[in-house]
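Q: Sequence lines, in order, name chains A and B. Residues in the first sequence are numbered from 1 upward in steps of one, following UniProt numbering. Residues in the second sequence are numbered from 1 upward in steps of one, following UniProt numbering.
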Amino acid sequence: MANEQPPKKHIPTEKKIKRVSIAAAVLVMYIWTFMSIDIDWKEAFNRFASNYNVVVPQLFSPNWARAGEVIEKMIETVFIAYVGSLAAAILAVPLGFLAAINMTNNRFLSTVGKWILSAVRAFPEIILAIMFVVVVGPNPFAGILAIAIGSTGMLGKLYAEVLESIDMNVVEAMQANGANKIQIMFHGIIPQVIPEFLSYAIYRFEIDVRASTILGYVGAGGIGTMIFFAYSNRNWSDMGMILLVIIVVVTLIDYGSTYIRKRIV
Amino acid sequence: MANKINKPGLNDDVYAPMLSPWRAKAKISLVFFIILFFLWYSSRTTGVDFGDLIMGFTNMGQIIDKLFPINMDVLGPAFDRLIETIHMAIIASTFSTIIVIPVSLLAANNITQNWFIYNATRLIMNILRTIPDVVLAVIFVGIFGTGPIGGIVALFIFSLGILAKLISETVEAIDMQPIEAMRASGANTIQSIAYGVMPQVAPQFTSFALYVFEINIRASVVIGLVGAGGIGQLLMSQFSFNNYGAVMTIILVIFVVVVIIEYISTKIREAII
Numbered sequence: 001m002a003n004e005q006p007p008k009k010h011i012p013t014e015k016k017i018k019r020v021s022i023a024a025a026v027l028v029m030y031i032w033t034f035m036s037i038d039i040d041w042k043e044a045f046n047r048f049a050s051n052y053n054v055v056v057p058q059l060f061s062p063n064w065a066r067a068g069e070v071i072e073k074m075i076e077t078v079f080i081a082y083v084g085s086l087a088a089a090i091l092a093v094p095l096g097f098l099a100a101i102n103m104t105n106n107r108f109l110s111t112v113g114k115w116i117l118s119a120v121r122a123f124p125e126i127i128l129a130i131m132f133v134v135v136v137g138p139n140p141f142a143g144i145l146a147i148a149i150g151s152t153g154m155l156g157k158l159y160a161e162v163l164e165s166i167d168m169n170v171v172e173a174m175q176a177n178g179a180n181k182i183q184i185m186f187h188g189i190i191p192q193v194i195p196e197f198l199s200y201a202i203y204r205f206e207i208d209v210r211a212s213t214i215l216g217y218v219g220a221g222g223i224g225t226m227i228f229f230a231y232s233n234r235n236w237s238d239m240g241m242i243l244l245v246i247i248v249v250v251t252l253i254d255y256g257s258t259y260i261r262k263r264i265v
Numbered sequence: 001m002a003n004k005i006n007k008p009g010l011n012d013d014v015y016a017p018m019l020s021p022w023r024a025k026a027k028i029s030l031v032f033f034i035i036l037f038f039l040w041y042s043s044r045t046t047g048v049d050f051g052d053l054i055m056g057f058t059n060m061g062q063i064i065d066k067l068f069p070i071n072m073d074v075l076g077p078a079f080d081r082l083i084e085t086i087h088m089a090i091i092a093s094t095f096s097t098i099i100v101i102p103v104s105l106l107a108a109n110n111i112t113q114n115w116f117i118y119n120a121t122r123l124i125m126n127i128l129r130t131i132p133d134v135v136l137a138v139i140f141v142g143i144f145g146t147g148p149i150g151g152i153v154a155l156f157i158f159s160l161g162i163l164a165k166l167i168s169e170t171v172e173a174i175d176m177q178p179i180e181a182m183r184a185s186g187a188n189t190i191q192s193i194a195y196g197v198m199p200q201v202a203p204q205f206t207s208f209a210l211y212v213f214e215i216n217i218r219a220s221v222v223i224g225l226v227g228a229g230g231i232g233q234l235l236m237s238q239f240s241f242n243n244y245g246a247v248m249t250i251i252l253v254i255f256v257v258v259v260i261i262e263y264i265s266t267k268i269r270e271a272i273i
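1) Classify S220 of chain B as buried or exposed, calling it buried when 16 or more other Cβ atoms lie within 10 Å of its own Cβ.
2) Let me see if you follow: with CB-CB separation under 8 Å, is Y195 of chain B close to chain A or not?
3) So, does the CB of W236 of chain A fall closer than 8 Å to a CB anywhere in chain B?
4) Could you name the residues of the same chain whose beta carbon sits closer than 8 Å to that of I166 of chain A, not counting the 5 residues immediately before and after it, in chain order?
5) Taking only the alpha-carbon atoms, compute the straight-line gap between F60 of chain A and V93 of chain A and give it to the nearest angstrom.
6) Within a Cβ cutoff of 7 Å, which residues of the same chain sit near F73 of chain B, ignoring the five residues on either side of it in sequence?
7) For a cutoff of 8 Å on Cβ pairs, would you count P102 of chain B as touching chain A?
8) Quick one: which residues of the stretch 15-27 of chain A get their C-beta closer than 8 Å to a C-beta of chain B? List them in chain order.
9) If you follow the alpha helix (DSSP H) that L244 of chain A is in, where does it begin and where does it stop?
10) Applying a beta-carbon distance threshold of less than 7 Å, which residues of chain B neighbour L243 of chain A?
11) What does R122 of chain B touch in chain A if you count any residue whose Cβ is under 7 Å from its own?
12) Compile a chain-ordered list of the residues in the stretch 242-259 of chain B whose CB is closer than 8 Å to at least one CB of chain A.
13) Apart from the five residues on each side of it in sequence, which residues of its chain come closer than 6 Å, Cβ to Cβ, to V20 of chain A?
14) Name the chain A residues whose beta carbon is nearer than 8 Å to that of R218 of chain B?
15) Listed in chain order, which residues of the stretch 73-96 of chain A have Cβ atoms closer than 7 Å to some Cβ of chain B?
16) Relative to the C-alpha of I242 of chain A, which residue among A:A67, A:A24, A:W41, A:P12 is closest?
17) Would you check if the distance between the CB atom of L160 of chain B and the CB atom of S207 of chain B is smaller than 8 Å?
18) From which residue to which residue does the alpha helix (DSSP H) around G137 of chain A run?
19) Mapping DSSP to helix, strand and coil, what is residue 267 of chain A?
20) In whole angstroms, what separates the C-alpha of T225 of chain A from that of S257 of chain A?
21) Which runs of the alpha helix (DSSP H) fall wholly inside the stretch 105-131 of chain B and span at least 4 residues, in chain order?
22) Taking contact to mean 3 or more Cβ pairs, one atom from each stretch, closer than 8 Å, check whether the stretch 213-232 of chain B and the stretch 140-152 of chain B are in contact.
23) When we look at the beta-carbon of M35 of chain A and count the other beta-carbons within 10 Å, is it buried (16 or more) or exposed?
24) Let me see if you follow: with CB-CB separation under 8 Å, is Y159 of chain A close to chain B or not?
25) Hey, how far is the Cα of L163 of chain B from the Cα of G178 of chain A?
26) Find the residues of chain A that neighbour L39 of chain B, judging by a C-beta separation of less than 8 Å, and give them in chain order.
27) Would you please state the rounded distance, in angstroms, between the beta carbons of E262 of chain B and E214 of chain B? I believe it to be under 8 Å.
28) Among the residues of its own chain, which have a CB less than 8 Å from the CB of T249 of chain B, if the five just before and after it don't count?
29) Could I get the ranges of all uninterrupted alpha helix (DSSP H) runs contained in the stretch 211-254 of chain B, with 4 residues as the minimum, in chain order?
30) Of all the options A:Y52, A:A25, A:L215, which has the alpha carbon lying nearest to the alpha carbon of E125 of chain A?
31) At a CB distance below 9 Å, what residues from the stretch 142-155 of chain B approach chain A? Give them in sequence order.
32) Just the Cα atoms here: how many angstroms apart are V136 of chain A and A142 of chain A?
33) Leaving out five residues on either side along the sequence, give the residues of the same chain with a beta carbon under 6 Å from the beta carbon of I260 of chain B.
34) Check the C-beta distance from I193 of chain B over to I152 of chain B and give it rounded, since I have them as a contact under 8 Å.
35) Against chain A, with Cβ distances strictly below 8 Å, would T45 of chain B count as a contact?
Here it is in structure tokens:
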């Protein structure tokens, strides 16, 4: 009797069946994945063995001669992210209001707004960049447009969530006192949402700096152009320099943005 | 004097310096002008030209002619490559969710008491997160050659950085009392993690794993552009042949898949938490 176990928890049969079927589905998914993926392991291993010594040591010995040029391009990248995020922070306001149910009081409009925002979010920035390169030609402006549109999706969604969580008592009190729509907007709604809106916009700027480092790969300006050339020429010490600059600048911007956001909210 | 204590004058700056409307207005205006100045300066250096944009939109007819009619011939290969993309995302997300368990425990200050290990893990993970996915892809394609394996390794590293941050923050926010109770009654580290930490973070852990899968689908499209396999590779090759009809088809396929996967993953995550 010393080995007697505590009583086992009773699990209903339906729950058991559900669990087993989920496990089976996951298992089938993995079998399917590993059976059908086309990887030549031996070839990959050989390549790894021969390329490792070519690539990795060079990455860690950055080419300092090109530091000036890389930093210049990185500044351009930050500018692209800045203009893009600022444009998105403004563009997202009307969309956020449209998608927030307590602002429109109309289920249809709010659903339409939410659909627009999630449709925009489904495009990766680089694909938007490809589209804008086709529209305005290969220059940083295409990158700005890609960042602006790409960020609008996420910012609009976050803005709508902020708007939906505001204190509506203030708005009702103002309505009861005979304030018109514009007065309610400027004295009832905006003061409540400004800190969060700003904080999200700055957070998005952080993400946009990362995102815009790659836009140049399709010709949309910034440091991505240099990544493209360094990769095409297999110039790994240039790549090391680019990587170093990206890491330093992105880290600095992250710290700066976290500091500002803490002060705002 | 008495006047000053009981009833400060309206322009009494000394009384409440931070609440002075004049100062607040000046400060906000200054910030506003700095923002505008940066906007002007960076627009100038990056060559923002709304003329180009309007021209671009008036030329929209030509572009639509380029992008449409969409080329349906590419649909078959696009579908095959799409399956490859999904496979890459599944493998990368699986391995990163497994590896992240020890990493996130090391990067949580309530589990790892050792100052050096904690900060070293955090530093490495923070550096990993700053590297853009495409740069990772470029490096691993350089090492492994073109094909899905470089992409899988790149996605793995990329999602490891994101997951480590999210999960170590979750672990830091857990209730430490059960763990202290277990340690007091003689449980070792592994036991207290398995029975004290894991049950508390399991729902968030699953939710973040799905979230990372979602991100990986999107990222695997992007990293395909540099030759790391998947549908992005097909997109890039059609783009470089100026085959815009096919490009548009692939973009639409990606769009539909991203929307579907996001929808499913959101539903599952809502059910879990």
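Ideal placement from N, C-alpha and C gives every residue a C-beta, glycine not left out.
A: Reading from the atomic positions:
1) S220 of chain B is buried by the Cβ-count criterion.
2) no
3) yes
4) N102, I189, Q192, V193
5) Cα to Cα, the separation comes out at about 44 Å.
6) According to the sequence shown, residue 73 of chain B is Asp rather than Phe. Counting only Cβ-Cβ distances below 7 Å, and skipping sequence neighbours, we find nothing.
7) no
8) The residues in question: there are none.
9) 236-264
10) I131, V135
11) By Cβ distance, chain A contributes nothing, its closest Cβ being about 12 Å from R122 of chain B, past 7 Å.
12) Y244, V247, I251, I254, F255, V258, V259
13) none
14) P124
15) E76, F79, I80, Y82, V83, L86
16) It is A:A67 whose Cα lies nearest to the Cα of I242 of chain A.
17) no
18) Judged by DSSP secondary structure, G137 of chain A falls outside any alpha helix (DSSP H); it is assigned neither H nor E.
19) Because chain A here runs from 1 to 265, residue 267 of chain A falls outside it and cannot be looked at.
20) 26 Å
21) 115-130
22) Contact holds: three or more Cβ-Cβ distances are below 8 Å.
23) exposed
24) no
25) 50 Å
26) Y82, V83, L86
27) 6 Å
28) I70, N71, M72, V74, L75, A78
29) 231-240
30) A:L215
31) G142, I143, F144, G145, G147, P148, I149, G150, I152
32) 6 Å
33) none
34) Contact flag wrong, Cβ pair sits at about 28 Å.
35) yes
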